[in-house]
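Chains as they are written, first to last, in this note's numbering: chain A, 51 to 304; chain B, 5 to 82.
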């Protein structure tokens with residue numbers, strides 16, 4: 051990309067999103083890469099948290115147990131509030147999604163780590179899984195009545211065909227926006243930090259760096275704090291939208 | 005020469021696409037601002053509506069992310 055010759059400034063904002071094989075060689079579908087490594091670390095951390103957290107089953111919880119309980123209660127309440135009591139049957143899947151995204155996002159904030167959720171291939175798979183299962187579920191639970199989701203019965207009759215077209219389009223855009231929101235947010239935040247990091251060594255090559263370098267370091271710290279928030283909020287948003295889609299499938303009609 | 009012009013167009017287009025993010029910023033600010041003004045009128049009802057606020061933010065933000073995606077595609081894919 052853009053390299054300023056002579057000044058020593060090198061901009062590679064997309065560098066941390068490159069996938070490379072861990073042991074060298076070509077990448078096939080089964081090759082262990084940095085993406086699969088960090089997904090595996092995330093799953094390992096989740097398993098560890100819940101195996102250690104549920105081993106004691108004490109009435110007065112230990113620290114690990116209370117973290118596990120907190121996560122469980124948080125998602126359980128979210129599913130119950132948004133999707134209703136009959137949505138709780140699908141709680142394990144939604145909880146799995148939430149934990150995977152949260153751990154992938156936060157582990158990706160470790161310097162030099164890789165964020166699997168910054169790739170549309172990963173988030174797209176999760177969004178398509180949600181989309182397909184929710185659609186199948188809607189037809190299984192309601193039969194043809196599921197199509198009532200697209201027929202806005204509260205609108206005036208003349209408007210309904212037009213609204214039906216818009217509703218169908220917005221239904222099929224769901225997996226696209228669902229996946230790109232997560233991937234785009236993770237990628238954008240990391241890329242901004244990367245750009246500020248490229249400005250940081252300016253003090254070594256130019257007098258103007260005396261002003262720019264502290265500013266850019268401060269900006270990285272601020273962005274990092276924001277990214278901590280974004281990492282959680284995006285996992286929350288992905289999960290709550292899954293609950294909303296699930297609610298649409300269980301109770302179609304407006 | 006021709007490739008240079010194409011690349012210049014791609015870069016200009018990427019910059020223009022980024023103005024879409026301003027629209028998303030306005031949208032997200034609007035959602036949160038209205039949520040807070042509502043929450044200050046009736047704080048007891050605010051906690052039950054935070055989930056709705058986040059859903060609103062997510063919809064407004066998705067369109068800004070689309071413009072970011074267009075910029076990325078112009079920079080790296082076209």
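Backbone N, C-alpha and C define an ideal beta-carbon position, used for all residues, glycine too.
Neighbour list for residue 22/A in chain B, Cβ cutoff strictly below 7 Å: Since the first residue shown for chain A is 51 and the last is 304, residue 22/A is missing from the structure and cannot be characterised.
Inter-stretch contact at 8 Å, needing at least 3 Cβ pairs: the stretch 226-244 of chain A / the stretch 168-183 of chain A: yes
Pick from 243/A, 82/A, 68/A that is closest to residue 74/A, judged by C-alpha positions: Counted from its first residue, the first chain places residue 74/A at position 24. Of 243/A, 82/A, 68/A, the residue nearest in Cα terms is 82/A.
For residue 117/A and residue 123/A, the rounded distance between their alpha carbons: For this step, residue 123/A is matched to residue 73 along the first chain. For this step, residue 117/A is matched to residue 67 along the first chain. Looking at the two C-alpha atoms, the distance is approximately 10 Å.
Proximity test, residue 149/A beta-carbon vs the ligand PLP heavy atom, cut-off 7 Å: In the structure shown, the ligand PLP is absent, as is every other ligand, since no ligand is present at all.
Neighbouring residues, chain A, relative to residue 6/B (Cβ below 7 Å): The residue labelled residue 6/B in the question sits at position 2 within the second chain. Result: empty, since nearest Cβ-Cβ is about 21 Å, beyond 7 Å.
Contact set between the stretch 270-286 of chain A and chain B, restricted to residues whose Cβ is under 8 Å from the partner: 283, 286
Residue nearest to residue 252/A in terms of C-alpha spacing, selected from 163/A, 266/A, 126/A, 102/A: For the purposes of this step, residue 252/A is taken as residue 202 along the first chain, with counting starting at 1. Closest option to residue 252/A, Cα to Cα, is 266/A.
Beta-carbon spacing of residue 60/B, residue 27/B below 8 Å: Against the second chain, residue 60/B aligns to sequence position 56. Against the second chain, residue 27/B aligns to sequence position 23. Their beta carbons are not under 8 Å apart, which means residue 60/B does not touch residue 27/B by this criterion.
Validate contact between the stretch 185-193 of chain A and the stretch 103-121 of chain A using beta carbons, cut 8 Å, 3 pairs: no
Residues within the stretch 132-153 of chain A neighbouring chain B, beta-carbon criterion of under 8 Å: 132
Interface residues of chain B facing residue 290/A [CB-CB closer than 9 Å]: For the purposes of this step, residue 290/A is taken as residue 240 along the first chain, with counting starting at 1. Result: 55, 58, 59, 62.
Proximity test, Cβ basis, 8 Å: residue 69/B and chain A: Residue mapping note: residue 69/B aligns to position 65 of the second chain, counting from 1. Closer than 8 Å: yes.
Given residue 75/B as reference, the closest of 15/B, 7/B, 65/B once Cα atoms are compared: Within the second chain, the letter at position 71 stands for residue 75/B. Nearest option by C-alpha distance: 15/B.
For residue 256/A: DSSP bridge partner residues: On the first chain, position 206 is the one that residue 256/A refers to. Residue 256/A pairs with nothing; no bridge assigned.
Touch test, the stretch 149-156 of chain A against the stretch 265-282 of chain A, Cβ-Cβ under 8 Å, three pairs minimum: yes
Three-state class that DSSP yields for residue 114/A in the structure shown: Counted from its first residue, the first chain places residue 114/A at position 64. Of the three classes helix, strand and coil, the one that applies to residue 114/A here is helix, per DSSP.
Continuous alpha helix (DSSP H) stretch holding residue 60/B: start and end: For this step, residue 60/B is matched to residue 56 along the second chain. Note, residue 60/B: alpha helix (DSSP H), 54-76.
Any 3 or more C-beta pairs closer than 8 Å across the stretch 61-72 of chain A and the stretch 241-256 of chain A: yes
Residue 54/B classed as buried or exposed, judged by whether at least 16 other C-beta atoms fall within 10 angstroms: Here residue 54/B refers to the residue found at position 50 when the second chain is read from its first residue. By the 10 Å Cβ count, residue 54/B comes out exposed.
Residue 83/A - partner residues in DSSP beta bridges: Position 33 of the first chain, counted from the first residue, corresponds to residue 83/A. Paired residues: 71/A.
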